[in-house]
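Have a look at the structure below, then the notes.
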Amino acid sequence: MTLSIADLPGHEGFAAPVLPGGELASSSSAFTRTFVGYQAACSCGWADQRRYSATPEGAKEAEYRWWSRHTPPLLAAAPPSWLVIKSNLLCEQVVKLASDRPLAALTLLSQVESWQRTLLDQAVAGARETGASWAEIGEAMGISKQAAHERFRAQVSP
Ligand SMILES: [Zn+2]
């Protein structure tokens with residue numbers, strides 16, 4: 036069984052069987068070799084060190100471990116998928132507007148830019164207040180830690 040969360044594409048958690056040599060089997064699917072326990076793992080390559088018993092209960096505990104240890108920091112930085120869909124749709128519609136009526140697109144994009152800048156500053160300040168590092172902020176924005184710090188240090192406290 037694999038576990039997934041709609042807002043975390045690319046992350047499927049599973050109880051990975053631990054082979055006698057200590058290495059993890061790559062999935063929880065049909066499995067004929069003997070194994071000595073379970074560890075939590077994810078399709079992204081993440082694996083936890085804690086080992087659980089080679090029982091159905093151990094598998095459940097390993098799955099819970101994926102959910103409780105691996106997903107919280109990822110979810111903190113993942114926008115809700117329904118909002119990503121709306122954002123992509125807005126972009127497509129503005130592209131069409133810019134083609135059909137460029138001046139109307141300029142008016143709309145200027146409005147978006149004005150609230151986008153304010154919200155970006157607020158989100159960075161909020162992230163800093165909740166303990167996010169400049170590296171985490173940069174990663175969330177797809178820019179380097181240095182670029183994030185240089186861009187926002189004046190607006191938010193260090
Ligand atoms: Zn993952």
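Numbering (the working numbering), first residue to last: 36 to 193. Every residue gets a Cβ at the ideal spot worked out from N, C-alpha and C, and that includes glycine.
In this structure, the CA atom of Ile40 is about 8 Å from the CA atom of His46. Here DSSP, grouped into helix, strand and coil, assigns Ala50 to strand.
If you measure from each CB to the nearest heavy atom of ligand 1, the residues under 6 Å come out as His46, Cys77, Cys79, Trp81 and His105. Between Trp101 and Cys77, the CB-CB gap stays under 8 Å.
For Arg86, the three-state secondary structure derived from DSSP is strand. Burial state of Ala170 is exposed, judged by a 10 Å Cβ sphere holding fewer than 16 other Cβ atoms. For Leu118, the secondary structure class from DSSP, reduced to helix, strand or coil, is helix. In this structure, Leu59 places its C-beta atom within 8 Å of the C-beta atom of Gln74. By the 16-neighbour rule on beta-carbons within 10 angstroms, Asp83 is buried. Rounded to whole angstroms, Ile178 and Lys95 show a C-alpha spacing of 38 Å.
Boundaries of the alpha helix (DSSP H) around Ala139: Pro137 to Glu164.
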